[in-house]
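A.B. asks:
4 protein chains.
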Amino acid sequence: MIKVGVVGATGYAGEEVIKILVNHKGIKITELSAVIDKEEPISSIFPALKGKIDLICKKPDAEAMAKNVDLVFLGLPHKVSMELVPIFLKAGKRVIDLSADYRLAPDVYKVWYGVEHKDKGNLPKAVYGLPELYHDAIKKADLIANPGCYPTSVILGIAPILKQNCIDTGHIIADSKSGVTGAGRKPDLALSFSEVNENLKAYKANEHQHKPEIIKILSEVAGKTLDVVFTPHLIPMNRGILSTIYLRLTRKLDTKDVIDIYEKFYKGKPFVRISAEGKLPQTKDVVLTNYCDIGLKVTGDILIVVSCIDNLKKGAAGQAVQNMNIMFGFDEKEALE
Amino acid sequence: MIKVGVVGATGYAGEEVIKILVNHKGIKITELSAVIDKEEPISSIFPALKGKIDLICKKPDAEAMAKNVDLVFLGLPHKVSMELVPIFLKAGKRVIDLSADYRLAPDVYKVWYGVEHKDKGNLPKAVYGLPELYHDAIKKADLIANPGCYPTSVILGIAPILKQNCIDTGHIIADSKSGVTGAGRKPDLALSFSEVNENLKAYKANEHQHKPEIIKILSEVAGKTLDVVFTPHLIPMNRGILSTIYLRLTRKLDTKDVIDIYEKFYKGKPFVRISAEGKLPQTKDVVLTNYCDIGLKVTGDILIVVSCIDNLKKGAAGQAVQNMNIMFGFDEKEALE
Amino acid sequence: MIKVGVVGATGYAGEEVIKILVNHKGIKITELSAVIDKEEPISSIFPALKGKIDLICKKPDAEAMAKNVDLVFLGLPHKVSMELVPIFLKAGKRVIDLSADYRLAPDVYKVWYGVEHKDKGNLPKAVYGLPELYHDAIKKADLIANPGCYPTSVILGIAPILKQNCIDTGHIIADSKSGVTGAGRKPDLALSFSEVNENLKAYKANEHQHKPEIIKILSEVAGKTLDVVFTPHLIPMNRGILSTIYLRLTRKLDTKDVIDIYEKFYKGKPFVRISAEGKLPQTKDVVLTNYCDIGLKVTGDILIVVSCIDNLKKGAAGQAVQNMNIMFGFDEKEALE
Amino acid sequence: MIKVGVVGATGYAGEEVIKILVNHKGIKITELSAVIDKEEPISSIFPALKGKIDLICKKPDAEAMAKNVDLVFLGLPHKVSMELVPIFLKAGKRVIDLSADYRLAPDVYKVWYGVEHKDKGNLPKAVYGLPELYHDAIKKADLIANPGCYPTSVILGIAPILKQNCIDTGHIIADSKSGVTGAGRKPDLALSFSEVNENLKAYKANEHQHKPEIIKILSEVAGKTLDVVFTPHLIPMNRGILSTIYLRLTRKLDTKDVIDIYEKFYKGKPFVRISAEGKLPQTKDVVLTNYCDIGLKVTGDILIVVSCIDNLKKGAAGQAVQNMNIMFGFDEKEALE
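Chains A, B, C and D are the protein sequences, given in the same order.
Numbered per this note's numbering, the first sequence spans residues 180 to 516.
Numbered per this note's numbering, the second sequence spans residues 180 to 516.
Numbered per this note's numbering, the third sequence spans residues 180 to 516.
Numbered per this note's numbering, the fourth sequence spans residues 180 to 516.
#1: Nearest to Glu377/D by CA position, among Leu368/A, Leu413/A and Glu392/A, is which residue?
#2: Just to make sure I have the definition right: I need the residues of chain A whose C-beta is within less than 7 Å of the C-beta of Gln388/D. Which are they?
#3: Taking only the alpha-carbon atoms, compute the straight-line gap between Met180/B and Val359/A and give it to the nearest angstrom.
#4: Looking at chain B, which residues of the segment 366-380 of chain A have a Cβ within less than 7 Å of any of its Cβ atoms?
#5: What does the alpha-carbon distance come out to for the pair Asp510/D and Asp439/D?
#6: Alpha carbons only, please: which of Ser373/A, Ala369/A, Glu392/A and Pro391/A is nearest the one belonging to Ala381/A?
#7: Are Ile453/C and Ile483/C touching if we call contact CB-CB under 7 Å?
#8: Please tell me whether Lys356/A has its Cβ less than 7 Å away from any Cβ of chain D.
#9: Closest to Val248/D by CA distance: which of Phe267/D, Pro256/D, Pro239/D and Asp489/D is it?
#10: Could you pull the DSSP bridge partners for Gly361/C from this structure?
#11: Considering only the beta carbon of each residue, do Ala213/C and Ala496/C sit closer than 7 Å?
#12: Can you list, in chain order, the residues of its chain whose CB lies under 6 Å from that of Ser260/C, leaving out five sequence neighbours each side?
#13: One question on the structure: do Val201/A and Val185/A come within less than 7 Å of each other, judged by their Cβ atoms?
#14: Counting only Cβ pairs nearer than 9 Å, list the residues of chain B close to Lys229/D.
#15: Looking only at its chain, what residues have a beta carbon closer than 8 Å to the beta carbon of Glu295/C, apart from the 5 residues adjacent to it on each side?
#16: Straight-line CA distance for Lys182/D to Glu210/D?
#17: Answer with yes or no whether the minimum CB distance from Val196/D to chain C is below 7 Å.
#18: How many Å lie between Lys493/A and Asp240/C at the Cα?
#19: Could you please give the first and the last residue of the uninterrupted beta strand (DSSP E) stretch that includes Leu482/D?
#20: Taking DSSP's pairing of strands, which residues face Arg452/A in a bridge?
#21: Going along the chain, which residues of its own chain have a beta-carbon closer than 8 Å to the beta-carbon of Asn417/A, five neighbours each way excluded?
#22: On the DSSP bridge list, what partners appear for Cys236/D?
#23: Chain B beta carbons: is any one of them nearer than 7 Å to that of Val359/A?
#24: Thr404/A versus chain D: which residues are under 7 Å apart at the beta carbon?
#25: Take Val466/B as the anchor and find which of Glu218/C, Leu379/C, Gln388/C and Lys246/C has the nearest alpha-carbon.
#26: Taking the alpha-carbon positions, what's the Glu520/A to Ile334/A distance?
#27: The beta strand (DSSP E) with Ile440/A in it runs from where to where?
#28: Just to make sure I have the definition right: I need the residues of chain D whose C-beta is within less than 9 Å of the C-beta of Pro415/C. Which are they?
#29: What residue ranges within the segment 269-324 of chain A form continuous beta strand (DSSP E) runs of no fewer than 3 residues, ordered along the chain?
#30: Helix, strand or coil: how does DSSP classify Lys182/B here?
#31: From Leu491/B to Leu228/C, what does the alpha carbon distance come to, in whole angstroms?
#32: Answer yes or no: do Asp354/D and Thr423/D have a C-beta to C-beta separation smaller than 7 Å?
#33: Classify Asp233/B: buried if its beta carbon has 16 or more other beta carbons within 10 angstroms, exposed otherwise.
#34: For Gly419/D, would you say it is in contact with chain A, using Cβ-to-Cβ distances shorter than 7 Å as the test?
#35: Please specify which runs of the beta strand (DSSP E), each continuous and at least 3 residues long, are wholly inside the segment 332-362 of chain C, giving them in chain order.
#36: Grouping DSSP H, G and I as helix and E and B as strand, with all else coil, what is Gln498/D?
The structure is reproduced here in structure tokens:
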């Protein structure tokens with residue numbers, strides 16, 4: 180029985196990790212912590228957990244926690260993770276970090292997050308936890324940089340056709356739309372109900388911190404540096420991301436051809452489903468699941484890709500558990516169905 | 180041309196007052212203030228006001244503002260209003276206060292708001308700004324205690340039948356449901372979209388600070404002290420309050436009789452509409468208007484009253500302007516249709 | 180392995196039954212049917228089921244289906260169920276009917292549903308499927324009348340205190356609020372997004388067809404005929420019911436006493452949870468679960484009960500599966516956690 | 180006083196036309212009609228109109244109505260308008276048609292709407308009612324083809340830079356997001372609350388019937404035939420359209436240059452507002468108004484345009500009244516502020 184800890188247990192991602200793990204047969208949650216006023220049972224904080232887990236959510240103490248876990252999930256804000264990761268790694272524990280701290284090269288990190296990286300020593304050990312691309316490396320990793328929600332939907336939507344070398348890499352446009360939990364659990368006027376409901380906005384157009392992450396991984400897939408135009412939008416719903424991606428084909432392909440390419444690419448990957456020709460996925464097909472549903476349509480020389488995930492499952496906690504399953508030899512789908 | 184100032188211009192109530200006043204023919208907004216980081220045009224803060232008003236929203240300075248207004252609207256948090264009201268009254272200006280600071284007797288205020296009242300001298304001058312009950316006093320008032328949103332819907336829904344002396348005053352139950360703007364414009368996790376959306380809750384059951392306000396005014400209507408059971412609920416929508424009120428009739432009346440009583444009571448009151456027999460109002464009939472729509476249904480000896488308002492209009496800013504219209508001799512409906 | 184069929188597989192309740200059953204270890208879904216244009220895999224109709232169940236959803240043919248099931252769930256409109264139930268019972272199969280057709284005495288049924296009951300012969304065999312009250316009868320039943328969503332929340336909220344014989348049975352007020360899936364899956368202007376969103380309404384005030392069901396069961400609990408005032412409201416959210424119930428205590432009890440009564444009553448019942456003193460449940464604590472969460476507050480001689488369920492789980496499909504578990508000797512919680 | 184009729188008075192667009200016109204000083208609504216079961220006052224159908232207009236909404240009779248109007252608004256489904264327009268024109272009345280029936284050439288109409296056009300005689304008389312492009316023709320027109328909601332947001336967002344001849348016309352991508360009222364007021368399972376809420380989908384990707392309308396007008400602006408990629412999305416909110424448009428610049432321009440081009444183009448147009456550099460509009464800035472707010476951002480050689488309107492105001496009824504104001508010599512803004 181693997182002993183698992185969750186740091187940042189009261190955030191949306193942390194909560195979701197716990198909700199998944201209470202149904203996992205191979206592990207036991209032994210430690211929970213968060214920045215809270217008083218230590219109390221997690222089921223007092225999230226009444227939905229009543230009767231499922233009784234553990235006390237403690238104040239953060241990484242050294243102490245490290246003694247009682249084999250693996251730790253970090254559901255922390257950016258910049259905080261890199262202070263804790265070294266502690267767990269040094270104690271010989273494996274880490275799945277849901278923040279952005281280990282996803283980028285240090286120079287890029289500094290540009291986008293505004294601070295010098297504090298744990299450059301461990302950075303090269305981090306494996307990008309997108310199992311559909313990096314399964315074997317994940318298996319052996321001690322440190323997983325769990326992907327961002329937007330990048331998961333965008334990268335999975337582009338990788339197969341990019342790999343085939345038949346799109347114009349100077350023309351990749353990703354127009355992404357996200358539910359509000361993607362922004363985290365925090366008091367913030369811009370996220371208050373009255374501001375978000377009955378409203379729709381684009382934000383950080385082509386300046387969102389997930390852009391370099393998308394570029395980095397897609398460049399690895401393409402085997403050369405490329406660029407993307409990426410505009411996120413905030414949608415008045417709790418969960419779900421839908422990315423509409425516009426690619427220019429450099430080879431003559433019809434929708435059927437492209438579906439074929441995608442199905443081959445994702446063969447044997449349990450959490451990606453390709454829609455039948457003429458159908459496009461919607462977020463409710465994937466919400467509360469770990470699936471990424473991808474719809475494809477060729478029109479002229481443009482390929483439109485619609486890629487849907489649940490931002491807290493495949494976009495965060497679900498993918499994190501998928502990574503854990505791979506790391507510890509569990510069925511990749513355990514607790515995720 | 181009356182010169183008008185708005186303090187607390189960036190809150191939901193303040194914003195709404197401004198949006199109404201820009202269409203008012205008899206007044207001119209001369210001053211706006213709010214607790215803000217930098218002074219800038221109100222149209223930069225609320226882009227929807229672009230082209231309608233250019234005024235700078237200043238940092239608060241009541242003394243300075245008092246020199247340039249005839250009337251001031253205070254859209255402030257409770258406890259702050261009572262520090263500013265004396266300044267404006269001393270300068271000979273009239274005040275419409277949208278907070279709760281001048282609605283209760285000082286001893287009751289202390290119980291419900293937890294602090295000693297700081298302006299007991301002016302408290303007796305305050306007129307409760309519910310025009311359907313206190314029209315004549317409002318006309319002459321220098322200080323209006325503008326009613327709370329819940330009390331407006333509940334009091335208007337009960338007053339006519341209570342006045343007839345034919346309900347059991349020991350059995351008044353008001354089950355109120357409100358949209359989220361009623362809670363104000365502020366960063367607060369409990370008001371964040373992801374917490375409120377797809378959720379429904381009762382809160383402060385029979386402990387809400389609007390309860391003593393309801394009791395005070397209904398007791399005045401009844402001519403004796405009475406009690407109410409009042410449970411507010413938070414609804415995932417921006418605007419609107421619907422109060423479902425359960426009263427026990429002490430005289431044999433059918434729905435038609437009761438409708439008749441209500442129609443007589445509100446005759447000549449432009450902002451109360453009584454639904455036809457067999458119909459109940461819904462919030463969308465009143466949202467963005469200053470109307471209170473009331474539906475009535477007798478079943479056995481129980482009278483069910485459904486009372487709907489827009490919490491920011493009739494429940495706050497609209498009623499405040501209605502009061503201003505009465506105070507300054509404008510058409511009661513000016514700028515409210 | 181029990182063979183199970185679902186009739187009305189494309190409605191919200193039918194869909195939910197299927198989603199629960201695909202995770203059930205003791206049964207196998209062998210038949211699905213619905214009124215559809217063409218027979219196709221259920222996973223084409225509900226893409227979220229892709230990879231979980233491949234069965235074809237057929238057009239209705241009760242006789243044929245009866246040959247291939249041990250138990251059938253009927254997720255059908257009222258008045259349709261009573262035409263199919265006799266067919267399955269005659270074939271020796273057990274039936275869980277989610278409609279209202281077997282919940283009321285025939286004379287009451289006629290008053291509220293407007294038609295003569297067509298299967299009076301089987302009506303006496305039906306057991307009301309509320310396990311917290313009728314567990315032993317359910318065990319032996321061949322025909323379950325699965326409770327309505329509103330009645331489940333209201334009855335569970337009142338039964339313990341009513342059983343103690345310490346409330347005024349002439350004063351039971353249930354103010355219920357429901358998400359929109361409770362109204363079923365059908366084209367209906369009144370249920371369209373633009374009509375429901377940003378709106379709130381009471382409907383069928385004290386005239387809703389669930390009222391006689393509440394009265395019947397509560398009268399059985401009380402051992403005498405009583406009446407209730409019941410007003411349902413439509414809330415702009417998908418799932419969840421919250422009933423706020425106002426009862427007049429005839430004995431001096433404080434909140435702690437009442438909590439004690441409820442905890443004793445529901446001891447050993449896995450799906451009812453009583454909130455700690457000072458806390459009230461909200462719908463998101465129970466949404467997507469089979470729990471009923473009940474909060475209690477005494478104020479003067481009034482007991483306020485807040486009772487929350489997921490209308491499609493404990494209010495329909497979840498409770499139906501709970502009944503199946505009891506009928507066939509499975510763990511009561513199987514597939515429901 | 181101009182006499183005005185509204186056909187299709189019970190649809191969302193018709194309702195909105197009425198709500199605007201009751202505040203218009205230069206006209207009088209003399210006729211209302213809709214396909215309804217019984218003729219009744221429009222204020223019984225829309226209680227929000229109580230006290231503002233008492234007119235009976237009649238069953239359709241174009242000949243009779245034509246005798247009592249100077250101008251008629253047609254808020255009708257596609258294919259129905261073209262049966263009524265000839266009647267009104269023959270009677271010498273002016274017509275503003277909110278359907279798509281007079282927006283396209285007959286051959287294109289047939290391709291996209293699937294039927295032969297029935298009024299080819301009047302088609303050449305129709306003026307496309309986008310005042311920012313066709314003001315002078317609108318002034319003299321007897322028949323206005325009022326633009327679609329998506330085309331209004333997209334065309335206004337592209338026209339200024341296209342006119343400057345500095346974008347790649349082979350690379351125009353419009354990713355549009357709309358609230359649900361855009362789909363009209365009708366019973367339709369796909370538009371029901373439970374299907375739309377907490378869901379997000381792309382639909383009719385590059386196959387939406389508004390595509391040829393966008394192409395037609397933009398080709399007129401460009402002076403040559405061009406193509407667009409257009410993907411609409413359905414957003415869980417009532418009102419508002421936000422189009423995110425991706426254009427490739429063929430000349431070196433920065434954001435400031437582009438803002439300058441747009442401001443010059445829309446100089447003197449009262450209902451288009453260009454956002455300051457670094458700001459992007461959101462739908463709530465324009466909802467319930469007739470404004471189109473446009474934000475601009477250059478990144479590399481890509482110009483991102485964000486264009487927001489209220490789909491029922493600038494996207495339908497508001498624009499229709501704007502056209503009326505121009506046709507009859509009223510202030511272009513009358514009743515629209």
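Note that CB positions come from ideal geometry on N, CA and C, so glycine has one too.
C.D. replies: Working from what's here:
#1: Leu413/A
#2: Within chain A, no residue comes near Gln388/D; the closest Cβ sits about 15 Å away, beyond 7 Å.
#3: 46 Å
#4: Pro366, Asp367, Leu368, Leu370, Ser371, Phe372, Ser373, Val375, Asn376 and Glu377
#5: 27 Å
#6: Ala369/A
#7: no
#8: yes
#9: Phe267/D
#10: DSSP lists no partner for Gly361/C.
#11: no
#12: Leu253, Asp276, Ser278 and Asp280
#13: no
#14: Arg452, Asp464, Tyr470 and Asp472
#15: Pro285 and Lys289
#16: 8 Å
#17: no
#18: 40 Å
#19: Ile481 to Ile488
#20: Asp472/A
#21: Gly358, Val359 and Thr360
#22: Leu211/D and Glu219/D
#23: yes
#24: Near Thr404/A there are no residues of chain D at all, since even the closest Cβ is about 14 Å away, more than 7 Å.
#25: Leu379/C
#26: One cannot answer for residue 520/A here, as it falls past the ends of chain A, which runs 180 to 516.
#27: Careful: Ile440/A lies outside any beta strand (DSSP E), inside the alpha helix (DSSP H) at Thr434 to Phe444.
#28: Phe372 and Asn376
#29: 273-276 and 322-324
#30: strand
#31: 44 Å
#32: yes
#33: exposed
#34: yes
#35: 346-357
#36: helix
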